[in-house]
Each structure stands twice: as structure tokens, then as C-alpha cells.
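Novice: Structure in C-alpha cells, see below.
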Amino acid sequence: MNKERKLIIAGNWKMNKTVAEALDLVNGLKRELANVKEVDIVVCPPFTALSEVSKEILNTNLRLGAQNMSEQNMGAFTGEIAAGMLKEFSVRYVILGHSERRQYQKETDELIARKALAVHAAALKPIVCVGETLAERESGLTEKIVEQQVRGSLAGLSQEQMEETILAYEPVWAIGTGRNATSPQAQEVHAFIRHTLNQMFDETIAKRARIQYGGSVKPSNARDLMSQPDVDGALVGGASLEVRSFSDIIKNSI
Ligand code: PGA
461 MNKERKLIIA GNWKMNKTVA EALDLVNGLK RELANVKEVD IVVCPPFTAL
511 SEVSKEILNT NLRLGAQNMS EQNMGAFTGE IAAGMLKEFS VRYVILGHSE
561 RRQYQKETDE LIARKALAVH AAALKPIVCV GETLAERESG LTEKIVEQQV
611 RGSLAGLSQE QMEETILAYE PVWAIGTGRN ATSPQAQEVH AFIRHTLNQM
661 FDETIAKRAR IQYGGSVKPS NARDLMSQPD VDGALVGGAS LEVRSFSDII
711 KNSI
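461 is the number of the first residue of the sequence shown in our numbering; add one for each residue after it.
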């Protein structure tokens, strides 16, 4: 597939996989995806598996991401994980503001923006998630909510930092439900996000920014979604937990 921007496809494992299971999965992915150069491939295991997965994917085309990070560098923050700790395991990407964290941990755009600055301060790359709920979509509020989240979550980032930032459009109603956004629905919001980036930053930034789609991505819908002009990759939950489905999503997207 001839894309304007290089595709980036990331597996968000969420709270799944013991270390042994994680190693099984990455071993399979290494085998299946060894020759893929057209796509940036990222796996985001739980914190407890980062160390072993990191060793396993050394010198491969798989890159490592974390699912969250503290905005603090160190200190009395029980249960939190700082950038420096992630860097010990060669983590390159950090998912921020996933809708599950917005919902269950009450993360706000302001907090996500502070975390994004901390991620950049450590020379890591944030994957900043935005997306509307079903009620918001049905009330015609999709653009309003998405714009608010994009502006709020990226507030304070410099042009240079934005160049190293990835966005993920994940409509909440499509996450883990088996009901993906249709390709035209995804394209419409992706184009709107790019337009918002143009207003916030400039045309070059908007043109270069990679925007992933997330929400029930599977091998059967990956090609169609990835062929949309403003869809530059995927953030995959459930289907990233098995070698076959995650590698087929990637192969079908090329
Ligand atoms: P899903 O999750 O692929 O299981 O819908 C996507 C996500 O939450 O990142």
C-alpha cells in the first residue's frame, strides 16, 4: 500500500500476559514479521513483562512501548512508573490517555498534556489517544469532543515535540466491542484531527503527523481502514494478543 506517511501499528496488550506468555507472543511475532520493513511495529506489554520482552526483541524490527507513565520523574508516588525506569528497557513509545484510563483512572486532558511533556523530556514518543463515546456520537458531539481532547492533551507541546508525537483516534464505542468504525467514519475524524493540528501548529506538522485508528481492528478490516488517506496505522487491543491475528493485521496493511 502506497502511503504518504509510514504506517505505525501498535499492539496494546492492556492487563494481559504473564512473562512466559509475553515471550511466546513476541517469539511468534519475530518469526512472522521478520521481513516487514514497510510498517513501524510496536508492542506494548504490561510493565511486568517489559524487561524480558525488551531482551527478546533486541536487534529485531519490533519496538517497545509502555501503556502509561507518570508525569513525575521520581519520588513518593506509590505505584507509579517514571520515564527513566522505562528507558532502562529501551522503551520508545508510551500510550497516553487511553479511554480506559480516562474512564477508570479519571485521567484528564490536563494530566495527559503534562504526561506528554514528561514523555518528550525523556526523548520518548507519546501515542496520545482521543475518541468520543457512543452517547457523544449520537448527540452529534464527535468533532467537539475530539477537538477538545486533541487541543487539551497536546497543550504546551512545541512544534519539535509534536513532530515526535503520534495520535490515536479510538472511538470508545468501538473498543473491545467488535464494532469498528467504518472506514469512512474513521477517515472523516482523522481528517478533522489533521485539520485541528493545522490550526494548532502548522501545515507541515499536520501533514507529517501520524494518526492511528483503534477500536476492533482485526485482520478482516485492517486493509480497508489503512487504505484511508488520513489513517496512518492502528492501535490494536484484543487482536494484538495472538501471533496470527496481529501479524495478519500487519501483513494485510502492507
Ligand atoms: P480493541 O482495543 O482492539 O480490543 O478494540 C483497542 C484499544 O483499546 O487500544
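Here a beta-carbon is modelled for each residue, glycine too, at the ideal position from N, C-alpha and C.
(1) Any contact of the region 466 to 480 with the region 688 to 705, i.e. 3+ C-beta pairs under 8 angstroms?
(2) Terminal residues of the continuous alpha helix (DSSP H) containing residue 704?
(3) Is the beta carbon of residue 707 sitting closer than 8 angstroms to the one on residue 632?
(4) Do the region 619 to 635 and the region 589 to 601 meet, that is, are 3 or more Cβ pairs less than 8 angstroms apart?
(5) Could you give the distance in angstroms between the alpha-carbon of residue 561 and the alpha-carbon of residue 699?
(6) Would you tell me roughly how many angstroms separate the C-alpha atoms of residue 539 and residue 609, rounded to the nearest one?
(7) List, from N- to C-terminal side, the beta strand (DSSP E) runs of 3 residues or more that fit wholly inside the region 555 to 626.
(8) Any heavy atom of the ligand MG inside 7 angstroms of the beta-carbon of residue 472?
(9) Alpha carbon to alpha carbon, how far is residue 670 from residue 567? Give it in angstroms, no decimals.
(10) Excluding the 5 residues flanking residue 533 on each side, which residues of the same chain have their C-beta closer than 6 angstroms to its C-beta?
(11) Would you mind giving the Cβ-Cβ distance between residue 553 and residue 525, rounded to the nearest angstrom? I have them listed as a contact below 8 angstroms.
(12) On a CA-only basis, which of 498, 497 and 548 is nearest residue 512? Give me that one, please.
Specialist: If we stick to the structure as given:
(1) The region 466 to 480 makes contact with the region 688 to 705; the number of CB pairs closer than 8 angstroms reaches 3 or more.
(2) That run of the alpha helix (DSSP H) goes 703 to 713.
(3) 8 angstroms or more divides the Cβ of residue 707 from the Cβ of residue 632.
(4) A contact exists between the region 619 to 635 and the region 589 to 601.
(5) Distance between the alpha carbons of residue 561 and residue 699 is about 20 angstroms.
(6) Rounded to the nearest angstrom, the two C-alpha atoms are 26 angstroms apart.
(7) 585 to 590, all fully within the region 555 to 626.
(8) In the structure on display, the ligand MG does not appear, and the ligands it does have are the ligand PGA.
(9) For residue 567 and residue 670, the gap between their C-alpha atoms comes out near 23 angstroms.
(10) Once the five neighbours on either side are set aside, the close Cβ partners of residue 533 are 542.
(11) The pair is a contact, with the Cβ atoms about 4 angstroms apart (cut-off 8 angstroms).
(12) Residue 548 is the option with its Cα nearest to residue 512.
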